[in-house]
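> Got a structure here, written out as structure tokens. Questions coming.
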Amino acid sequence: MRNLGRAIFSIAVAVSVLFPIPAKAAPSLLEVQAKVQDLQDQATTAAEGAQEAKVELAKLQKTLATVQQQASQQGQSVDSLHKTIGAIAAQQYKSGPLSQSLELLFSSDPSLYLSTAGSLETVTRKKTLDLKKFTVATQR
């Protein structure tokens, strides 16, 4: 048994002498400077990328604010047109089912009716335009 232990020890010493473990030498000054330069370059690239991202973010935030403002204005326009349409509908309901030609026929003063009919035609055109605007605005 003792001989076996000596044999193992002898083999271990022989192997360690024949196959030395390579020791890592301390890096030279040039290697350290090259590594530092590489790390500085990486940091510069990262900082430039961060700056570009900030600029892009600012552009996108400005675009978002513009789009939100436009959406708000369109919403206000639709609300205004909705109120106008409501007023037109209420007026039509109150005036009853008589057409303009029947109103002229039953009018006590046809000349007064004709003078107001011209104004009514203008109002009707405006109402028609408002209806078209409302339709277009709600389809957006």
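Reminder that position 100 of the sequence shown reads as 139 in my numbering, one-by-one numbering, no gaps.
No residue lacks a Cβ here, since even glycine has one placed at the ideal position from N, Cα and C.
For T163, which option in K74, Q130, V175 has the closest C-alpha, if you only look at C-alpha atoms?
Within the sequence shown, residue 163 is the residue found at index 124, counting from 1. The residue with the shortest Cα to Cα distance from T163 is Q130.
> Could you have a look at S49 and say whether DSSP puts it in helix, strand or coil?
The residue labelled residue 49 in the question sits at position 10 within the sequence shown. In this structure, S49 counts as helix in the three-state DSSP scheme.
> Compute the distance between the beta-carbons of T123 and D169, then report whether it is under 7 angstroms.
Counting from one through the sequence shown, the residue named residue 123 turns up at place 84. Counting from one through the sequence shown, the residue named residue 169 turns up at place 130. Yes; because the gap between Cβ atoms is below 7 angstroms, this pair is in contact.
> For my contact list, L120 and K166 are in at a C-beta cut-off of 8 angstroms; report their separation, rounded to the angstrom.
Counting from one through the sequence shown, the residue named residue 120 turns up at place 81. Counting from one through the sequence shown, the residue named residue 166 turns up at place 127. No, L120 and K166 are not in contact; Cβ-Cβ is about 11 angstroms, not under 8 angstroms.
> At 4 residues or longer, and completely inside the stretch 82-144: list those alpha helix (DSSP H) runs for me, N to C.
Counting whole runs of 4 or more residues, the stretch 82-144 contains no alpha helix (DSSP H) stretch at all.
> Rounded to a whole number of angstroms, what is the C-alpha to C-alpha distance between E95 and D77?
To locate residue 95, count along the sequence shown from 1; it is residue 56. To locate residue 77, count along the sequence shown from 1; it is residue 38. When rounded, the distance between both Cα atoms is 27 angstroms.
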